[in-house]
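Working notes, beginning with the structure itself.
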Amino acid sequence: MSSLSLPRMLHNRKTSLEVEKENFEKFQASSISKAINCHEHPVKEKHVRSAILGTFHEKSSETFWKCVLRLPLMENKIVAWKFCHVLHKVLREGHPQVIPYSQRFRPKIDDIGKLWGHLKEGYGKLIQLYCKLLLEKLAFHRRNPRFPGNLVVSKEELDSIGENDINNYFQMSVEMFDYMDEILVLQTAIFGSLDMSRSNSMTSSGQCILAPLIPIIQDSSQLYDYCVKILFKLHASVPADMLAGHRDRFLKHFVQLRHFYYNAATLQDNLIEHLQHEISRQRAEIEHLSLEHQETISRLSERINHLELELARKDSELAQERLAKEDLLAQTEGASRCAEAEKRAKTIEEKFQKLKEVYTKLREEHIQLIRQKADVDKQLVNVKNLDLENSEKTRLEEVLEELSTLQASADAATEQNQALSSKVDWVEKEKAQIESELQDLLSQKEEVDSKLTEAESRLKSSIESQDSMFEKCCLESERIVQHAIDEVDNPAMSATCTCDYLDSLVEPLRETVSALEKDLTVELVVQLAHRSAAFIFCAKANTNMSPDIEAGERMAKELKTVGEMCLALLKNCRLKEPRNGDQFREKIVELSVTGRRINAVLTTEQIVDMVEDELASMDKAIEEAVKGIEEMLKQSRAADSGIKLEVNEKILDSCTTLMKAVKVLVQKARLLQAEIVSQGKGSASVKEFYKRNHQWTEGLISAAKAVAIGAKYLLEAADSVVAASEKGGAQLEQKLRAVEVVASQVISASTVQLVMASRVKAARASRNMAAVSAASKHVMQATAVLVATTKSCSQLIEESDDMDMAGLSLHQAKKLQMELLVRIKELEASLDKERLRFSALRREHFQLFGDTDEPTS
């Protein structure tokens, strides 16, 4: 049995590394449990420092997390709060591998924050916000791994991280702003948990809450410094209007940080004095110790100098005694029997021996060191000689092996020679057989050559057909994009598109452009056309959602520029010229950002405030349209006559009738809206009702905008008809068509949208709802009358070929004659210009025809 127990005892015995690791884990567990305990006082720095040094000892935070997860983080709020503080310190000051290793514990941190967030006050709310800050810090370092935990980098390192790419700086600043938001929310909650006098900041519980402000201030100061530097870089390369959001967030952070630092600076005016006194006391103690140290050094220096003088004096006495001894020996050589002289000589000899021992001891130490050095040098020479002998021996063995290898190679060569001689006969036989097969292959080759010639001719015709097909595809693609550009100005295009969907179209379109720069294929050309047209359509629809109509119109003009860039790129594809789409890609991204900026999502409060503003703007737009149309009708009756007056009167009368019907509809809708609000709000305010029903409110705002836009379009279309009636012809017919489109599509759609927005919340038996429905029918009837009027006016213009000369005065006849002469000159100049273009086109055609005929001749 004893023989069996011995291996088991040896197996259970721990190695020194295991013992060291066990002791390290025990020490770390003790330090961490002392730092993160349930007592409501601030974390002691020495225990946190032990945890931080432990991460450098094992080059990770494995032991830290192993110890932390054993603590009652879900049971005790003080333990959870201190855990957040200690983790923040370890992430900032621990080993660089702490942050990558801690990423796997993000769900645990999130669970702690969610659990304690249910308390809604006190430590519970603070723990939830601190956990969100820690998660944001880990996410920031995951996206930007080159930033250390303490966020301290030099200017050169910041430039290297950003790679001098403005897109990287743009994204990095947004992430820093998000990081700063979490910091400011947490500090606000911390100060909010104290009373207004800050008196409890000197208590143990108050200091426990305020302790994390130190790493928070360290993070915020670094982030603020980097945000300033990055904003300077962005403003040097990006238009200022694109950075309006960045500037707003930065200024907001600036104000909050200034308030934060002021509160932190005035939080503890007694603790600071105590610390200053303590620092002064420690400085005095350090100065005292420094003086004592200097005195000790001076005293030791004097002692050394004294011993050196004593040694020199002893050397001098030794020399004197040696001389005295020699003199005494000379004097006492004849009187050696004298006892007194012998006794004196013995005393001198003893004294000499003592001095000699002191001197010899000093010299022996020096000689011993010299001998040791000589031994080391000798051993070094022996080692070198031994290495030389070993290398020569090794070289000799290598030569012998090489000789044996060469001998074996010679034997193998002899055997191969014999094998080759037998193989030559076989090769000669194979040669005859191959020559016969070669004759067969030559005959087959002639057949293949004839088939290849035929295939090349078919391939050439196929390539020509493909080139023609490619050119047709390019032309069709250009027509698709041109159609999208033309639709930008179409007022009937009232669809909407979200910013997220518009953003989703950017990257596929950029990828298509990049692929087309490298490879020219039909698929890529068609893909570019369809994706560009889709982007233009959706961007135009996105502008319809903009609260700022003028900003939406500016973006619509930029869309035409994008379309022209795409047409230029497609033309280069058709002509097979170099294709560079850098500006096109940049413009797409710029428009996407612009669309998101002008369609910034409104808060519920803003939506509530916009309701009355938009409804008032709608009323104002309708009133202005009615007045404007009536003023145009008045001016036309005073200045026009004949067909021109007849057309203007009919169109403007119909427009006035339509706008008055729309005005009545809006008035009825306002009454219905007031009824809906009064019935639905109860004891709450009107704003509270709009808040609770914010989706219906948004629909009402959208409908009001649509009606206002329709009124504006109708006024512009009517004005264009009056302006075009002076020239008549095709231009007037085109403007009449525009009025018809606005009336039949824009006005109709906007009024239907307003009615539907009102009907959603209205009661079934509501009289106001019935009045709105009746007013809507009147709008539709007026719309139909306006459409019929535009068509009759178009027929009237077509049927009237001759000018209406009735009622013309001499002055009017002369004026009309001059206008017609000017118009004739303009048409003749235009005709001459087109003739020149036609001649140039024919010359180019003849030249191309001659070039294609030269090879065939």
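According to the UniProt record's numbering, the residues represented by the sequence shown are 1 to 857, in order.
For glycine and all other residues, C-beta sits at the position ideal for the given N, C-alpha and C.
Note that the coordinates shown come from a computational prediction; the quantities given were computed from them, not determined experimentally.
- Message: Just to confirm the assignment, what range does the alpha helix (DSSP H) spanning A762 have?
- Response: Residue numbering aside, residue 762 sits at position 762 when the sequence shown is read from its first letter. It is not in any alpha helix (DSSP H) - A762 carries neither H nor E in the DSSP assignment.
- Item | Assigned secondary structure, H95 (DSSP; H/G/I helix, E/B strand, else coil) | Counting from 1 along the sequence shown, the entry for residue 95 is found at position 95. Three-state DSSP puts H95 in coil, outside helix and strand.
- Item | First through last residue of the alpha helix (DSSP H) which encompasses M172 | On the sequence shown, position 172 is the one that residue 172 refers to. Run containing M172: I166 to G192, per the alpha helix (DSSP H) assignment.
- Item | With 16 other Cβ atoms within 10 Å as the buried cut-off, status of P239 | In the sequence shown, residue 239 corresponds to position 239, counting from 1. Exposed, because fewer than 16 other Cβ atoms sit within 10 Å of the Cβ of P239.
- Message: Considering only their Cβ atoms, is the gap separating I52 from F83 smaller than 9 Å?
- Response: Numbered from 1 along the sequence shown, position 83 holds the residue referred to as residue 83. Numbered from 1 along the sequence shown, position 52 holds the residue referred to as residue 52. No; because the gap between Cβ atoms is not below 9 Å, this pair is not in contact.
- Under 8 Å by Cβ, that's how I've got P42 and Q207 pegged, so tell me the actual separation to the nearest angstrom. Locating residue 42 in the sequence shown gives position 42, where the first residue counts as 1. Locating residue 207 in the sequence shown gives position 207, where the first residue counts as 1. Contact holds; Cβ gap of about 5 Å.
- Helix, strand or coil for V601, going by three-state DSSP, please let me know. Working through the sequence shown from its first residue, we reach residue 601 at position 601. In this prediction, V601 has a pLDDT of 47, which is less than 50 and means its spatial position is unreliable; what the coordinates show is noted afterwards. V601: coil per DSSP, three-state reduction.
- Check the C-beta distance from L528 over to L520 and give it rounded, since I have them as a contact under 8 Å. Here residue 528 is taken as the residue at index 528 of the sequence shown, counted from 1. Here residue 520 is taken as the residue at index 520 of the sequence shown, counted from 1. Actually they are not in contact, since the Cβ atoms of L528 and L520 sit about 11 Å apart, beyond 8 Å.
- Message: Starting from D489, trace the alpha helix (DSSP H) in both directions and tell me its first and last residue.
- Response: To locate residue 489, count along the sequence shown from 1; it is residue 489. Where D489 is concerned, there is no enclosing alpha helix (DSSP H), given that its DSSP letter is neither H nor E.
- Should K660 and V626 be called a contact, given that it needs their Cβ atoms to be closer than 9 Å? Numbered from its first residue, the sequence shown carries residue 660 at position 660. Numbered from its first residue, the sequence shown carries residue 626 at position 626. Yes, the Cβ-Cβ distance between K660 and V626 is below 9 Å.
- Item | Cβ pair A495, N544 closer than 9 Å | In the sequence shown, the residue the question calls residue 495 occupies position 495. In the sequence shown, the residue the question calls residue 544 occupies position 544. Contact: yes.
- Identify whether E819 lies in helix, strand or coil by the three-state DSSP scheme. The residue you call residue 819 lines up with position 819 of the sequence shown. Looking at E819 - three-state DSSP - the assignment turns out to be helix.
- A749 vs K668 beta-carbon contact at 9 Å: On the sequence shown, position 749 is the one that residue 749 refers to. On the sequence shown, position 668 is the one that residue 668 refers to. No, these two residues do not count as a Cβ contact at 9 Å.
- Message: Could you tell me the alpha carbon to alpha carbon distance between T561 and G581, rounded to whole angstroms?
- Response: Along the sequence shown, read from residue 1 onward, the residue named residue 561 stands at position 561. Along the sequence shown, read from residue 1 onward, the residue named residue 581 stands at position 581. Distance between the alpha carbons of T561 and G581: 14 Å.
- In whole angstroms, what separates the C-alpha of T63 from that of I99? Locating residue 63 in the sequence shown gives position 63, counting from the first residue. Locating residue 99 in the sequence shown gives position 99, counting from the first residue. One C-alpha to the other measures close to 14 Å.
- Within the same chain, show all residues whose beta-carbon is closer than 8 Å to that of L645, passing over the 5 residues directly before and after it, in chain order. To locate residue 645, count along the sequence shown from 1; it is residue 645. So the list reads S636 and R637, once near-sequence residues are dropped.
- Query: Thinking C-beta only, is I161 closer than 9 Å to N144?
  - Reply: Indexing the sequence shown from 1 puts residue 144 at position 144. Indexing the sequence shown from 1 puts residue 161 at position 161. Yes, they are a contact pair.
- Task: Return the chain-ordered list of same chain residues with a C-beta closer than 8 Å to the C-beta of M632, the five sequence neighbours on each side being excluded.
- Result: Numbered from 1 along the sequence shown, position 632 holds the residue referred to as residue 632. Excluding residues within five positions, the ones whose Cβ falls inside 8 Å are N648, L652, A718, D719 and V722.
- Query: Just checking, does the region 163 to 171 make contact with the region 103 to 117 on the three C-beta pairs under 8 Å criterion?
  - Reply: no
- Task: Under 8 Å by Cβ, that's how I've got F535 and L505 pegged, so tell me the actual separation to the nearest angstrom.
- Result: Along the sequence shown, read from residue 1 onward, the residue named residue 535 stands at position 535. Along the sequence shown, read from residue 1 onward, the residue named residue 505 stands at position 505. Their Cβ separation, rounded to whole angstroms, is 5 Å, which keeps F535 and L505 in contact under 8 Å.
- For chain B, find out if any of its Cβ atoms is closer than 9 Å to the Cβ of I824; answer yes or no. Note that chain B does not occur in the displayed structure, where there is just one protein chain.
- Would you mind reading off the limits of the alpha helix (DSSP H) that contains T543? Residue 543 sits at position 543 when you count from the first residue of the sequence shown. It spans V522 to T543 - the alpha helix (DSSP H) in which T543 sits, taken as one unbroken run.
- Quick one: Cα of K833 to Cα of R823, how far? For this step, residue 833 is matched to residue 833 along the sequence shown. For this step, residue 823 is matched to residue 823 along the sequence shown. Looking at the two C-alpha atoms, the distance is approximately 15 Å.
- Item | Inter-residue spacing [alpha-carbon to alpha-carbon] between T203 and E40 | In the sequence shown, the residue the question calls residue 203 occupies position 203. In the sequence shown, the residue the question calls residue 40 occupies position 40. When rounded, the distance between both Cα atoms is 10 Å.
- Query: From this set, L318, Y261, R303 and M242, which residue's C-alpha is nearest S594's C-alpha?
  - Reply: The residue labelled residue 594 in the question sits at position 594 within the sequence shown. Just to set this straight, residue 594 is Thr in the shown sequence, not Ser. Closest option to T594, Cα to Cα, is M242.
- Item | Cut-off 6 Å between Cβ atoms - residues of its own chain near A29, not counting five sequence neighbours on either side | Taking the first residue of the sequence shown as 1, we reach residue 29 at position 29. So the list reads C67, once near-sequence residues are dropped.
- Segment limits, alpha helix (DSSP H) that includes residue 919: This structure cannot speak to residue 919, because the chain is shown only from 1 to 857.
- Query: Quick one: what's got a C-beta closer than 7 Å to A708's C-beta in the same chain, skipping five residues either side?
  - Reply: Mapped onto the sequence shown, residue 708 falls at position 708. For A708, where only same-chain residues beyond five positions count, the Cβ hits under 7 Å are S617, M618 and A621.
- Which listed residue (C499, L671, L318 and R579) has its alpha carbon closest to that of S546: Here residue 546 is taken as the residue at index 546 of the sequence shown, counted from 1. Closest option to S546, Cα to Cα, is C499.
- What is the residue span of the alpha helix (DSSP H) that P107 lies within? Position 107 of the sequence shown, counted from the first residue, corresponds to residue 107. Element bounds for P107: R106 to G117.
- Message: Which of the three DSSP states is assigned to D619 in this structure?
- Response: In the sequence shown, residue 619 corresponds to position 619, counting from 1. Of the three classes helix, strand and coil, the one that applies to D619 here is helix, per DSSP.
- State the start and end residues of the unbroken alpha helix (DSSP H) segment that holds R249. By 1-based counting over the sequence shown, the position of residue 249 is 249. That run of the alpha helix (DSSP H) goes A244 to A265.
- Message: For H141, count the other beta carbons within 10 Å of its own beta carbon; 16 or more makes it buried, fewer makes it exposed. Which is it?
- Response: Numbered from 1 along the sequence shown, position 141 holds the residue referred to as residue 141. Burial call: buried.
- Look at the alpha carbon of I214 and the alpha carbon of A264, and state the distance between them as a whole number of angstroms. Here residue 214 refers to the residue found at position 214 when the sequence shown is read from its first residue. Here residue 264 refers to the residue found at position 264 when the sequence shown is read from its first residue. Approximately 9 Å between the Cα atoms of the pair.
- Item | CA nearest to the CA of A774, picked from L821, L134, L672 and K815 | If you number the sequence shown from 1, residue 774 lands on position 774. Measuring from the Cα of A774, the nearest candidate turns out to be L672.
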